Amino acid sequence: MRSTPSLFKSRETLALLAACCIFLAMIEYIIPKPILFIRYGIANIPIMVSLKIFSPRMTMALVFLKIIGQGIITGTLFSYIFLFSLSGSLASGIAMIIIYRICKDKISMVGVSITGAFASNTVQLIIAKYLIFGKAAILMAPPVLIIGIVTSLFTGIFAELFISKSQWLKTKLSIQGQYAEKY
């Protein structure tokens, strides 16, 4: 039985994509935000890439690594802010996996990104309503959802461009296909 090159094994690829998530989370953390808790979602690009190469279980493992990494980077791991990150990232990850699996041939990464952002923002607004702002959270909904859709549009476009032009991803998918055919 032949083995695939180390770079293309799932664990190594998971670690690489997790490192990319954490790096992008650091970049995202230093970019000024128009509203205090808004994130641009660029750390989700590796998660969108993972939809092409991983099972849903491995993609969720990547989501968890991203959540923990972001919590460590931002210093919020043991704070109420982490609850927002955890709930939003889980909702986003699950929504992106579902929409991608159901509509794989009919949806671009832009649609996947917007779906993930909408799920994340909706869950976070619900948590904000019950934990912090009460009924006033409804006032936050329009700007949060609009900013989320706009930023996820750009994130999705970037993910789509990366997926279509990445030689690394093409090689990865090619080797996965050859490996699946032989075994």
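Under the numbering used here, read the sequence shown as residues 65 to 247, first letter to last. Note that beta-carbon positions come from the ideal geometry of N, C-alpha and C, so glycine has one too. These numbers were taken from a predicted model, which means no experiment stands behind them.
In three-state terms, what does DSSP make of Lys-141? Looking at the sequence shown, residue 141 is not Lys but Leu. Three-state result, Leu-141: coil.
Where Ala-200 and Lys-193 are concerned, what is the direct C-alpha to C-alpha distance, given to the nearest angstrom? 7 Å
How many whole angstroms separate the CB atoms of Pro-120 and Cys-85, which I take to be in contact at a CB cut-off of 8 Å? Wrong, their Cβ atoms sit about 17 Å apart, outside the cutoff.
Less than 6 Å between C-beta atoms, sequence neighbours within five positions excluded: which residues of the same chain meet that for Ala-155? Ala-183, Ser-184, Val-187
Distance, Arg-75 Cα to Gly-152 Cα: 25 Å
Following the continuous alpha helix (DSSP H) through Ser-172, name the residue where it begins and the one where it ends. Run containing Ser-172: none; DSSP gives neither H nor E here.
To the nearest angstrom, report how far apart Tyr-93 and Asp-169 are at their CA atoms. 33 Å
Got a sec, what are the start and stop residues for the alpha helix (DSSP H) Arg-75 sits in? 74 to 94
Write down every uninterrupted run of the alpha helix (DSSP H) in the segment 171 to 199 whose length is 4 residues or greater and which is fully enclosed by it, in chain order. Scanning the segment 171 to 199 from its first residue to its last, the whole alpha helix (DSSP H) runs of 4-plus residues come out as 173 to 192.
As assigned by DSSP and simplified to three states, the class of Gly-105: coil
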